[in-house]
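Remarks on the structure that follows.
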Amino acid sequence: MSHRLSHIVLLYNEDTEILHGAPTDSIAVQSTVATAESVFQALLELEYPVYKAAIRESLEEIEQHLSAFDRRSTLVFNCCDGFRGVNRGAVDVIRRLEELGFAHTGANFASAQACIYKPITKAILIANGVETPAYQVFHSPNESFRLPFPAIVKPAAEDGSIGITHNSVVTNLRELRREVERVLVLYCQPALVETFIPGREFSVSILGNQSPEILPIAEQDYSRISDPLAQLLTYQSKWDPAAPEYYDIPALVPADLSKSEEQLVRETARRAFQALGLRDLGRIDLRLLNGIPYVLEVNELPDLAPEAGFWNSARAAGMTYPQLIDRIVQHALKREGWTLS
Ligand SMILES: Nc1ncnc2c1ncn2[C@@H]1O[C@H](COP(=O)(O)OP(=O)(O)O)[C@@H](O)[C@H]1O
Ligand SMILES: [Mg+2]
3 MSHRLSHIVL LYNEDTEILH GAPTDSIAVQ STVATAESVF QALLELEYPV YKAAIRESLE
63 EIEQHLSAFD RRSTLVFNCC DGFRGVNRGA VDVIRRLEEL GFAHTGANFA SAQACIYKPI
123 TKAILIANGV ETPAYQVFHS PNESFRLPFP AIVKPAAEDG SIGITHNSVV TNLRELRREV
183 ERVLVLYCQP ALVETFIPGR EFSVSILGNQ SPEILPIAEQ DYSRISDPLA QLLTYQSKWD
243 PAAPEYYDIP ALVPADLSKS EEQLVRETAR RAFQALGLRD LGRIDLRLLN GIPYVLEVNE
303 LPDLAPEAGF WNSARAAGMT YPQLIDRIVQ HALKREGWTL S
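Quick look at the structure:
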């Protein structure tokens, strides 16, 4: 028996505080509220019977919100990219949704868990023959370091460039230990140290499931920054309009790539999407160096804000914002085998 869609519940996290990290990290964390509002407006415009539900303090709120809805006909549009000020909280939300038996857009529990903890993402990529920068995970600043410099030190389970500054790129042991310590203390999680790849950087936005659609590729244009070790998306470059670098790294869509490079980047992104078992949507960030595409990160819930990269690529493919949101819903319905009422 196929299910008919009766309602969509747009679920998002409204985090008033962050549990760890720098005070300014809250800009990225709280941007979810505005993004959810944009998605909500798009769903209204599309004339879906949609309800908006914020979760704030406890996972029990999910059950409370959903108790009025029938799980056989209600799709949850999941915009929770964290919970209670912790990025990994997004995984707990998905687990609870699945325990309650609700179908939802985007990655399932296992897939989200693998994407949010970058060392697991990388192990899965490697097992599937996808290149990713060489890495080491640090649980203490004094562990021995086996990789060459330059390297980059990142929190193992954040996104949105949280925790990434120009100091994250390190060229000697002293700097490495300083940054590892900073991540361990400030972000209360292991530090992921990777070989720094000084290549061109691309974001590949993907929609769909069985044969996913690759949207026009975006390139981060670093041509205004001369030092290769300063060419990276720091937190400030993404979120702080007062920082000069906020304006220095425009995204070029579509990226200027030769046919063969484009093919390589698309194929790598598709393989990463499938290796991590993503559903409905995803964005793969990678760097291309000497003809090798190194996957930096697999985003199971890319930022859907109307000014963010995913939407930029969808627009370059000719979609309006509501059409993009509709595509995500339609992919989820098709995957679940549901029909529209
Ligand atoms: N191994 C690396 N080599 C070069 N630059 C990197 C590397 N890892 C991360 N970066 C830079 O840091 C940015 C953020 O890193 P990423 O792993 O994508 O974290 P986030 O999940 O916070 O987006 C990237 O967009 C890139 O500019
Ligand atoms: Mg990234």
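Going by the working numbering, the sequence shown opens with residue 3, and the numbers climb by one from there.
Ideal Cβ positions, reconstructed from N, Cα and C, are used throughout, including at glycine.
CB-CB under 6 Å to residue i, same chain, minus the five flanking residues each way: which ones, in chain order?
i: residue 107; result: 79, 80, 282, 330, 334
i: residue 58; result: 16
i: residue 179; result: 143
i: residue 240; result: 163
i: residue 35; result: 16
i: residue 299; result: 287
i: residue 83; result: 34, 92, 303
i: residue 2; result: A query on residue 2 cannot be resolved here, the shown segment of the chain reaching from 3 to 343 and no further.
i: residue 328; result: 48
i: residue 264; result: none
i: residue 1; result: Within the shown structure, residues of the chain are numbered from 3 to 343, placing residue 1 beyond reach of any answer.
Can you tell me whether residue i is helix, strand or coil according to DSSP?
i: residue 138; result: strand
i: residue 148; result: coil
i: residue 185; result: helix
i: residue 39; result: helix
i: residue 198; result: coil
i: residue 113; result: helix
i: residue 334; result: helix
i: residue 192; result: coil
i: residue 95; result: helix
i: residue 341; result: strand
i: residue 104; result: coil
i: residue 168; result: helix
i: residue 153; result: strand
i: residue 163; result: coil
i: residue 295; result: strand
i: residue 4; result: coil
i: residue 33; result: helix
i: residue 13; result: strand
i: residue 158; result: coil
i: residue 216; result: strand
i: residue 21; result: coil
i: residue 303; result: coil
i: residue 178; result: helix
i: residue 209; result: strand
i: residue 203; result: strand
Skipping 5 residues on each side, what residues in its chain have a beta carbon closer than 7 Å to that of residue i?
i: residue 103; result: 73
i: residue 277; result: 126, 127, 130, 132
i: residue 201; result: 289, 290, 291
i: residue 32; result: 17
i: residue 245; result: 238, 239
i: residue 284; result: 208, 275, 300, 301, 302, 304
i: residue 251; result: 222, 223, 224, 235, 239
i: residue 160; result: 89, 189
i: residue 168; result: 232, 236
i: residue 308; result: 40, 323
If you drop the 5 nearest sequence neighbours on each side, which residues of the same chain put their C-beta closer than 8 Å to that of residue i?
i: residue 170; result: 154, 155, 156, 181, 234, 236
i: residue 137; result: 121, 124, 149, 194, 195, 196, 197
i: residue 247; result: 227, 236, 238, 239
i: residue 85; result: 15, 17, 57, 61, 91, 92, 94, 95
i: residue 4; result: 339, 340, 341
Taking only heavy atoms of ligand 3 into account, decide whether any of them is closer than 7 Å to the Cβ of residue i.
i: residue 83; result: No copy of ligand 3 appears in this structure; the ligands present are ligand 1 and ligand 2.
Quick one: any contact between the region 64-77 and the region 119-136, if contact means 3 or more CB pairs under 8 Å?
no
Which full runs of the alpha helix (DSSP H) of 4+ residues lie inside the region 55-87, going along the chain?
62-68
Completely contained alpha helix (DSSP H) runs for the region 222-292, where each covers 4 or more residues:
237-241, 261-277
Neighbouring residues (CB closer than 5 Å to any heavy atom of ligand 2):
287, 299
Any chance you could list the alpha helix (DSSP H) runs of at least 4 consecutive residues sitting entirely within the region 306-331, in chain order?
311-318
Could you tell me whether the region 182-194 touches the region 213-221, where touching means 3 or more Cβ pairs closer than 8 Å?
no
Three or more C-beta pairs under 8 Å: does that hold for the region 48-64 against the region 22-29?
no
Pair every Cβ in the region 90-97 with every Cβ in the region 262-270, then say whether three or more of these pairs are closer than 8 Å.
no
Are at least three pairs of beta-carbons, each pair with one atom in the region 203-210 and one in the region 35-46, less than 8 Å apart?
no
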